[in-house]
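Student: First the structure, then my questions, so here it is.
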Amino acid sequence: MIRFTRVRKEYPRTGVALNDVSFQVNKGEFVFLTGPSGACKSTILKMIFADELPTSGEVKVANVSSATLKHRDVARLRRKLGIVFQDFRLLEDRTVEANVSFALEVTGAPRSVIGSRVARVLTQVGLSSKARALPTELSGGEQQRVAIARALVNDPVVILADEPTGNLDERATRGVFELLRDINATGTAVMMATHNLELVKRSDCRTLEINRGQLVFDSHEPMTGQGER
Amino acid sequence: MRLAWREAVMAFRRAPMLNALSITTIAFSLFAFGLFGLVALNMSQALTRLEDRVEIRAFLGDGTASEAAATALGDITAFPEVASAALVTPQQALDRARKELGEFNDVFDAGLLPSSIDIQLKPGFRDPEHVRAVAARIKTYDFIEDVRFGEEWVEKLHQIRNIATLAGTALGLTFAIVAVIIIGSTIRMAILARAREIAIMRLVGATDSFIRAPFLIEGSLKGTLGGVLALLLTWATNEIIGRVAFSAAFFDLRLSILGIFAGALIGLGGSAFSVGRHLRDV
Numbered sequence: 116m117i118r119f120t121r122v123r124k125e126y127p128r129t130g131v132a133l134n135d136v137s138f139q140v141n142k143g144e145f146v147f148l149t150g151p152s153g154a155c156k157s158t159i160l161k162m163i164f165a166d167e168l169p170t171s172g173e174v175k176v177a178n179v180s181s182a183t184l185k186h187r188d189v190a191r192l193r194r195k196l197g198i199v200f201q202d203f204r205l206l207e208d209r210t211v212e213a214n215v216s217f218a219l220e221v222t223g224a225p226r227s228v229i230g231s232r233v234a235r236v237l238t239q240v241g242l243s244s245k246a247r248a249l250p251t252e253l254s255g256g257e258q259q260r261v262a263i264a265r266a267l268v269n270d271p272v273v274i275l276a277d278e279p280t281g282n283l284d285e286r287a288t289r290g291v292f293e294l295l296r297d298i299n300a301t302g303t304a305v306m307m308a309t310h311n312l313e314l315v316k317r318s319d320c321r322t323l324e325i326n327r328g329q330l331v332f333d334s335h336e337p338m339t340g341q342g343e344r
Numbered sequence: 663m664r665l666a667w668r669e670a671v672m673a674f675r676r677a678p679m680l681n682a683l684s685i686t687t688i689a690f691s692l693f694a695f696g697l698f699g700l701v702a703l704n705m706s707q708a709l710t711r712l713e714d715r716v717e718i719r720a721f722l723g724d725g726t727a728s729e730a731a732a733t734a735l736g737d738i739t740a741f742p743e744v745a746s747a748a749l750v751t752p753q754q755a756l757d758r759a760r761k762e763l764g765e766f767n768d769v770f771d772a773g774l775l776p777s778s779i780d781i782q783l784k785p786g787f788r789d790p791e792h793v794r795a796v797a798a799r800i801k802t803y804d805f806i807e808d809v810r811f812g813e814e815w816v817e818k819l820h821q822i823r824n825i826a827t828l829a830g831t832a833l834g835l836t837f838a839i840v841a842v843i844i845i846g847s848t849i850r851m852a853i854l855a856r857a858r859e860i861a862i863m864r865l866v867g868a869t870d871s872f873i874r875a876p877f878l879i880e881g882s883l884k885g886t887l888g889g890v891l892a893l894l895l896t897w898a899t900n901e902i903i904g905r906v907a908f909s910a911a912f913f914d915l916r917l918s919i920l921g922i923f924a925g926a927l928i929g930l931g932g933s934a935f936s937v938g939r940h941l942r943d944v
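Heads up: the protein sequence lines correspond to chains A and B, in order.
Numbering-wise, the numbering used here puts 178 at position 63 of the first sequence, and it's gapless, one number per residue.
Numbering-wise, the numbering used here puts 666 at position 4 of the second sequence, and it's gapless, one number per residue.
This is the structure we're talking about:
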């Protein structure tokens with residue numbers, strides 16, 4: 116479903132960010148993407164949602180290849196993905212309900228469908244009672260749940276979460292992680308970038324570790340050469 | 663489309679101060695252009711009134727048969743450049759001269775002035791070149807003794823018209839460019855204020871045209887409102903000038919609608935440019 120083949124990313128100013136990165140994520144998998152700050156975990160996620168393109172190599176997501184991707188295909192690709200960030204990225208002047216329905220409205224979904232689907236995902240993330248609240252009236256953990264609900268409302272094939280617990284306390288972190296696990300249990304793949312090693316150690320999920328722009332560890336595959344841990 | 667309208671209207675309601683500021687900026691930019699337009703309109707009308715006085719006078723020789731004069735009058739009236747032509751008898755010429763000269767009205771004697779054909783030209787044919795050409799054609803009648811049209815005055819008037827047109831176009835373009843730049847910057851500011859919203863729209867899979875639509879509607883609405891406000895300000899200024907100084911002509915309905923439409927178009931164009939650039943940059 117997601118396949119990186121010998122991906123290299125080079126920036127004109129800062130040089131090589133990713134070098135010869137190859138891995139595959141299958142349907143329904145839960146994958147941690149770990150590594151120190153600056154290891155380019157976010158770059159990998161950005162390549163998946165086509166915010167960045169590889170300098171060489173290929174990124175293939177839901178049968179869409181970076182090699183043939185046109186600008187107009189990007190919106191269609193993103194509708195198959197759910198994206199969650201550390202800073203939630205909610206529209207603060209709209210209610211929880213409006214933030215979630217917004218993701219459906221942009222796809223041109225009929226109004227009759229929007230109401231029921233928004234209600235369903237808000238129940239799923241445990242926020243049905245706060246549908247009319249503004250994001251600023253919620254705790255960090257709750258705001259992240261709204262972001263997850265928004266990511267979920269389009270029935271994505273994968274949820275990409277970039278440090279989703281980075282701004283949360285221990286209890287909220289556990290809650291968000293459990294929510295992502297529950298979502299994964301229903302068949303949606305989750306790829307979560309994190310530097311919270313405690314969280315990674317406590318779970319039995321697949322882990323991809325990135326360091327200095329290279330994939331140095333994949334818990335599901337034995338690594339060869341210098342990248343082996 | 664309904665969603666785009668809803669988003670555009672909601673954008674007005676969410677940031678009323680910023681939007682009021684945008685509309686006011688657009689209004690004052692267009693107001694400056696409107697004032698220039700008003701000056702240009704009045705100058706053009708004054709010049710047209712002066713040009714209405716461009717006239718060719720063809721003096722008939724003594725003893726010209728009235729049939730020959732009538733035939734010539736018919737021919738001249740049929741010239742494509744001629745708006746009207748009239749035969750003026752010596753008595754009519756004397757009456758006119760007395761009327762024009764006022765207190766010196768007794769310096770002329772009856773019979774002193776010759777008969778003439780007075781010719782008015784159509785607008786667009788009052789420049790020296792056309793006037794000269796028509797005069798030369800009239801001169802070919804052998805009973806026409808002299809043809810006069812105040813050549814020097816026509817030349818000067820034409821020069822003034824040319825200078826006014828050139829200066830007006832240059833000033834008009836400058837005002838229009840300044841208005842477009844100010845309005846464009848205002849709209850760009852409004853778009854930058856909503857950069858976060860645009861980024862989120864893109865993340866959830868909105869197409870560029872979906873993102874653009876509310877901004878285009880918003881830009882057109884702001885431009886229209888700015889245009890209406892500018893028209894009201896120009897009208898009020900014209901009224902004040904009319905009361906304290908002199909009465910000046912104001913834009914007719916067609917020009918007024920055109921002004922508002924120009925506001926809407928600048929708003930739409932400015933938004934399309936700014937949001938297009940923003941979408942390309944992010």
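Positions of the beta carbon are idealized from the N, C-alpha and C atoms, including for glycine.
In the structure shown, what three-state DSSP assignment does arginine 344 of chain A receive?
Tutor: Reliability of the predicted coordinates at arginine 344 of chain A is poor, the pLDDT of 38 falling under 50, and the value obtained from them is presented with this limitation in mind. Looking at arginine 344 of chain A - three-state DSSP - the assignment turns out to be coil, as it is neither helix nor strand.
Student: May I ask which residues mark the beginning and end of the beta strand (DSSP E) holding serine 810 of chain B?
Tutor: Contrary to the premise, residue 810 of chain B reads as arginine rather than serine in this sequence. Arginine 810 of chain B: member of the beta strand (DSSP E) spanning 806-810, first to last residue.
Student: Could you please give me the residues that DSSP links to methionine 306 of chain A through a beta bridge?
Tutor: A:Val146, A:Leu275
Student: Give me, in chain order, the residues of the same chain whose beta-carbon lies closer than 8 Å to that of phenylalanine 965 of chain B; leave out the 5 immediate sequence neighbours on both sides.
Tutor: It is not possible to answer for residue 965 of chain B, since the shown part of chain B is limited to 663 through 944.
Student: My assumption, with CB atoms under 8 Å, is that alanine 304 of chain A sits in contact with valine 268 of chain A. Please give the rounded CB distance.
Tutor: The pair is not a contact, with the Cβ atoms about 17 Å apart (cut-off 8 Å).
Student: Say whether chain D places a C-beta atom closer than 8 Å to the C-beta of glutamate 285 of chain A.
Tutor: Although the question refers to chain D, the structure presented lacks it and instead comprises the protein chains A and B.
Student: Closer than 9 Å, Cβ to Cβ, to anything on chain A: give me those residues from the segment 865-895 of chain B, in chain order.
Tutor: Leu865, Val866, Gly867, Ala868, Thr869, Asp870, Phe872, Ile873
Student: Per DSSP, which residues does tyrosine 126 of chain A bridge with? Please list them.
Tutor: A:Gly130
Student: Identify each residue in the segment 853-864 of chain B for which the Cβ-Cβ distance to at least one residue of chain A is less than 7 Å, and report them in chain order.
Tutor: Under the 7 Å Cβ criterion, the segment 853-864 of chain B contributes Glu859, Ile862, Met863.
Student: Aspartate 333 of chain A bridges to which residues according to DSSP?
Tutor: A:Leu323, A:Glu336
Student: Give every residue of the same chain whose Cβ lies closer than 8 Å to the Cβ of leucine 854 of chain B, excluding the five residues on either side of it in the sequence, and list them in chain order.
Tutor: So the qualifying residues of the chain are His940.
Student: Does the CB of glycine 340 of chain A have a neighbour CB from chain B at under 8 Å?
Tutor: Residue confidence for glycine 340 of chain A is low, a pLDDT of 41 falling below 50, so the modelled location carries little weight and cannot support an answer.
Student: Would you say alanine 190 of chain A lies against chain B (beta-carbon separation less than 8 Å)?
Tutor: yes
Student: How many angstroms separate the CA atom of glutamate 207 of chain A from the CA atom of methionine 705 of chain B?
Tutor: If I take the Cα positions, the gap works out to 54 Å.
Student: Taking one C-beta from the segment 877-897 of chain B and one from the segment 696-712 of chain B each time, how about it: are there three or more such pairs within less than 8 Å?
Tutor: yes
Student: Have a look at the DSSP bridge pairing and note the partners of alanine 748 of chain B.
Tutor: B:Asp780
Student: Less than 8 Å separating the beta-carbons of methionine 162 of chain A and valine 174 of chain A?
Tutor: yes
Student: Distance cutoff 8 Å, beta carbons only. Does histidine 940 of chain B sit that close to anything in chain A?
Tutor: no
Student: In chain A, which residues lie with their C-beta within 7 Å of the C-beta of arginine 676 of chain B?
Tutor: Asp208
Student: Where glycine 830 of chain B and histidine 820 of chain B are concerned, what is the direct C-alpha to C-alpha distance, given to the nearest angstrom?
Tutor: Each residue's alpha carbon lies about 15 Å from the other.
Student: Compare the C-beta of alanine 304 of chain A with all C-beta atoms of chain B and state if any pair is closer than 8 Å.
Tutor: No, no contact with chain B.
Student: Does DSSP classify serine 171 of chain A as helix, strand or coil?
Tutor: strand
Student: Give every residue of the same chain whose Cβ lies closer than 6 Å to the Cβ of alanine 182 of chain A, excluding the five residues on either side of it in the sequence, and list them in chain order.
Tutor: Glu173
Student: Kindly indicate which three-state DSSP category aspartate 943 of chain B falls into: helix, strand or coil?
Tutor: helix
Student: Apart from the five residues on each side of it in sequence, which residues of its chain come closer than 7 Å, Cβ to Cβ, to valine 816 of chain B?
Tutor: Val716, Pro790, Val793
Student: How many whole angstroms separate the CB atoms of isoleucine 756 of chain B and leucine 735 of chain B, which I take to be in contact at a CB cut-off of 8 Å?
Tutor: Rather than isoleucine, the amino acid found at residue 756 of chain B in this sequence is leucine. Rounded, the Cβ-Cβ distance is 20 Å, inconsistent with contact.
Student: Work out the CA separation of alanine 924 of chain B and glycine 255 of chain A for me, nearest whole Å.
Tutor: Cα-Cα distance, rounded: 48 Å.
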